[in-house]
Amino acid sequence: MVSSRKMGIKKFLINYNTYLILLLLFVVSSLLSEHFLTVMNIRNIGLQQVAPILVALGMLFVILTGGIDLSVGSVMAFGSSFVTVFMAATSTHFIPSMLIAGVLGMMFGLITGMLVAYTGMQGFVASLAMMTIARGAAFMLTGGQPIRVEPGTLDLLVSRNHMFPGLIMVGVVILIFVFVQRYTVYGRMVIAIGSNNQAVELAGIRVKRYTASVYALSGFLSAIAGTFIAARAAMGSANIGVGQELSAIAACVIGGASLAGGRGFVLRAVAGAFVIALIGNILNLMAVPAYPQQIIQGVIILIAVLLQIYTSKTEKSV
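For the sequence shown, this note's numbering assigns the number 452 to the initial residue and increments by one for each residue that follows.
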């Protein structure tokens, strides 16, 4: 009886460790700063995480196939730059402008995916090259200068008067991704490819198409994420998104994703993104200088990842 109870507790810790880490950080942050549990701060955390969550979701599906996408930060910069330049030049509404930016980002991702799927190039190498190309395209669009957003246009995405459409949109996207991963053939195939690529191919599944598609999906979401950054900052810039690929990978790994592929969870990746957000937020509220912040964030992320590795090993023995 005692043994079965211990097994039940162990399974609970394994299945919900990411959420427990997030809850622990939330409680600690509440105790460390009286400004943490305020409506304004919680709202700001939500708005700040719209773009990182979108990027993390795209990265998750790439990681599920056993790949990696280092170009996400640069594609974000391209999306941010394109939407602001395009809207300034054509006065097009922000919704079609966002979608066009997303499609162009998808093309960047598709090229990366096709290189990986059809030439056998490593995702690390293909996306590294695309990272440079997309960043260069962003600088060409903007001429290296920030492009300001006209009031009442793209900034409506984060407008309080319009009930923060950006938050609603990312909530819908999360629900769609949960559904796709759990209940569709596409979601199951993506996981199967990461688990055993050769077996799936021998079963007659068009693995190359699925592989190319996840990179295209990542590019689309990254470009859309860039437009949210432009909306919050009220400007587009070719300098945004630097290091975002590392944050997205960290969010997925904290959420229990395996970099070897075949294992990862949408909601846990979202929780992983919020873990990183809470670390940065509480350090800012405590006025910790920027450079020590990086060290502290790195140490906490390492601890969280080591915990995931430990629980993953424990899960195999349960």
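Backbone N, C-alpha and C fix where the C-beta goes; we use that ideal spot for every residue, glycine too.
Since the model is a prediction, treat every value here as computed from it, not as a measurement.
Residue burial classification, GLY687 (beta-carbon count within 10 angstroms, cutoff 16): buried
Candidates LEU550, LYS462, ILE752, THR678, of which the one nearest LEU498 by Cα: THR678
Every unbroken alpha helix (DSSP H) inside the segment 621 to 707 [4 residues or more]: 636 to 646, 648 to 653, 658 to 684, 695 to 705
Cβ pair MET510, VAL501 closer than 8 Å: No Cβ-Cβ contact shorter than 8 Å links MET510 with VAL501.
Segment contact flag, the segment 632 to 643 with the segment 694 to 701, C-beta cutoff 8 Å, min 3 pairs: no
VAL451, buried or exposed, once every other Cβ within 10 Å from all chains shown has been counted against 16: Outside the shown range of the chain, which is 452 to 769, sits residue 451, and nothing can be said about it.
Inter-residue Cα distance where the pair is ILE514 and ALA711: Distance between the alpha carbons of ILE514 and ALA711: 7 Å.
C-alpha gap between ILE546 and PHE537, whole angstroms: 12 Å
For LEU592 and SER525, the rounded distance between their alpha carbons: 13 Å
Pairwise C-alpha distance: VAL506 and THR563: One Cα belongs to THR563, the other to VAL506, and the distance between them is close to 16 Å.
Under 8 Å between C-beta atoms of ALA720 and LEU488: Cβ distance not < 8 Å, so ALA720 and LEU488 don't count as in contact.
Distance between LEU483 and THR543 (C-alpha atoms, nearest Å): If you take the alpha carbons of THR543 and LEU483, they lie about 46 Å apart.
Beta-carbon proximity of ALA663 to ALA580, cut-off 8 Å: no
THR535 versus ILE598 - alpha carbon distance: 6 Å
Local conformation of ARG599 per DSSP, three classes: strand
Environment of MET557 [buried if 16+ CB atoms lie within 10 Å]: buried
Beta-carbon proximity check, PHE559 vs GLY692, cutoff 8 Å: Contact flag unset, no.
Cβ distance (whole Å) where PRO503 is taken to contact ALA724 below 8 Å: 5 Å
8 Å Cβ cutoff met for LEU729 and SER480: SER480 sits close to LEU729, with the two beta carbons spaced by under 8 Å.
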